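Asker: Pasting a structure here, questions to come.
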């Protein structure tokens, strides 16, 4: 398998190696997701001099999508090399009505449901599959709770590359359809997401899948870096400054760690002022192993069997959980979790006050935001950003029995008046 590198006639790739997150061992930029020394996850390490050479003007001159940050990413510097649906630069919405209802001074909603397949997964998939192309893979795949499968299938269709996505058998039907419509292979596994993920890891070791890039398994280090663009974008959209508080949904915990990493990088390379921020994590009560560990004051994350309606967050054995705990503790943040009823209320609260219809993960995040404010964990006067990572139409069953027509009337003025519609 080849090593990722930039061509001589385009901007250099700032990535220098894969680095173990535990022991610091380094490896070439190949398809590898674990350290051979201690078996901990690896992530992309960068040439700091190359990063420090990047200016705001360089970024602002780029395309209106995640590739404006190519000088800060491990792949995709050559536009011709990209496997992408060009996600990113999604709305940062000033949520004044929601802020007033919760008692916050300044609140923003980063709405990533505006991406091409309507979730933040388009960011990570574009980066992962661009890396996969450079490494010579000829088929795209993933283990998914839904959104990731949607994105991998769509990327494969646009690129003309075969795809095969693996999902739990009991996934929301809307997410199944929005993967299958692209005509790649969709494989439903009779088990939980953790069972799906375990199978996919085993498949990467077989000869039959040697040329298959599993975005969140064998090319996971590159996949994870795509999440940083959610941090970069918020800083740029705020006028190149960092928010004081962010509330982020957690499944594996990786999204939270990479947004925190993005903020750290922006400070280190001088693109924003060195100001403090606090990171807060959100989970559902049906799958809360990371938050439970924080509440118990331990570093030990105990795997759980997920339940509940927030299926996109149902990873019972979260790979990045320890690193999410570290980020939250280091920044002085917190984590919490909410019930299914609170998730439904969170979806409706966000919709009513901002016009954003979130999937269940967004309901988790807004409900946890409310809980954090009420518990005094969040500073009411600090500028806060809450992340909505997916579109509500994907999980419409969560609220379909709770909302509907407010009136049903005959088609006449008399009937409208009798129903009180005229005052």
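Numbering (the working numbering), first residue to last: 243 to 665. Yeah, the Cβ is synthetic: ideal placement off N, Cα and C, and Gly gets one too. Quantities reported herein were computed from a predicted structural model and do not represent experimental measurements.
Whole angstroms is fine: what's the gap from residue 637's alpha carbon to residue 416's?
Answerer: Between residue 637 and residue 416, the C-alpha separation is close to 7 Å.
Asker: Taking the C-alpha atoms as reference points, what is the distance between residue 630 and residue 472?
Answerer: Whole-angstrom Cα-Cα distance: 11 Å.
Asker: According to DSSP, is residue 379 helix, strand or coil?
Answerer: In this structure, residue 379 counts as coil in the three-state DSSP scheme.
Asker: If I'm right that residue 531 touches residue 284 with Cβ under 8 Å, what's the distance once you round it to whole angstroms?
Answerer: Contact flag wrong, Cβ pair sits at about 22 Å.
Asker: Taking the alpha helix (DSSP H) that residue 531 falls in, what are its first and last residues?
Answerer: It spans 531 to 537 - the alpha helix (DSSP H) in which residue 531 sits, taken as one unbroken run.
Asker: For residue 562, which of 502, 615, 588 has the nearest alpha-carbon?
Answerer: Among 502, 615, 588, the Cα nearest to that of residue 562 is on 502.
Asker: Find out if the Cβ-Cβ distance for the pair residue 580, residue 476 is shorter than 7 Å.
Answerer: Contact: no.
Asker: Quick one: any contact between the segment 404 to 412 and the segment 519 to 535, if contact means 3 or more CB pairs under 8 Å?
Answerer: Result no; under three Cβ-Cβ pairs closer than 8 Å.
Asker: Name the two residues that bound the continuous beta strand (DSSP E) containing residue 579.
Answerer: Run containing residue 579: 576 to 580, per the beta strand (DSSP E) assignment.
Asker: Taking the alpha-carbon of residue 376 as reference, which of 320, 342, 349 has the nearest alpha-carbon?
Answerer: Closest by alpha carbon: 320.
Asker: Tell me whether residue 572 is buried or exposed, calling it buried when 16 or more other Cβ atoms sit within 10 Å of its Cβ.
Answerer: Residue 572 is exposed by the Cβ-count criterion.
Asker: Would you call residue 339 buried or exposed, if buried means 16 or more other Cβ atoms sit within 10 Å of its Cβ?
Answerer: Per the 10 Å Cβ criterion, exposed.
Asker: What distance in whole Å lies between the Cβ atoms of residue 435 and residue 395, which are believed to be in contact at a cut-off of 8 Å?
Answerer: Not confirmed; about 17 Å, so no contact.
Asker: I'd like to know if the segment 480 to 492 and the segment 512 to 520 are in contact, where contact means that at least 3 CB-CB pairs between them fall below 8 Å.
Answerer: Touching, yes, given that three or more Cβ pairs across the two stretches are closer than 8 Å.
Asker: Taking just the CA atoms, how far does residue 307 sit from residue 331?
Answerer: Near 5 Å, if we compare the C-alpha coordinates of residue 307 and residue 331.
Asker: Can you tell me whether residue 623 is helix, strand or coil according to DSSP?
Answerer: Here residue 623 sits in coil by DSSP.
Asker: Answer yes if the segment 296 to 304 comes into contact with the segment 436 to 456, meaning at least three C-beta pairs across the two stretches below 8 Å, and no otherwise.
Answerer: The segment 436 to 456 is not in contact with the segment 296 to 304.
Asker: Which of helix, strand or coil does DSSP assign to residue 655?
Answerer: Helix, per DSSP.
Asker: Which partner residues does residue 262 have in the DSSP bridge list?
Answerer: According to DSSP, which records beta bridges pairwise, residue 262 is partnered with 284.
Asker: Decide if residue 645 is buried, meaning its Cβ has at least 16 other Cβ atoms within 10 Å, or exposed.
Answerer: Counting Cβ neighbours within 10 Å, residue 645 comes out exposed, since fewer than 16 surround it.
Asker: Go ahead and label residue 649 buried or exposed: buried means 16 or more other beta carbons lie within 10 angstroms of its beta carbon, across all protein chains shown.
Answerer: Under this definition residue 649 is an exposed residue.
Asker: Rounded to whole angstroms, how far is the Cβ of residue 605 from the Cβ of residue 586, which I believe are closer than 8 Å?
Answerer: Correct: roughly 6 Å between the Cβ atoms.
Asker: Check the DSSP bridge columns for residue 362 and list the partner residues they point to.
Answerer: DSSP, once it has assigned bridges, lists no residue as partnering residue 362.
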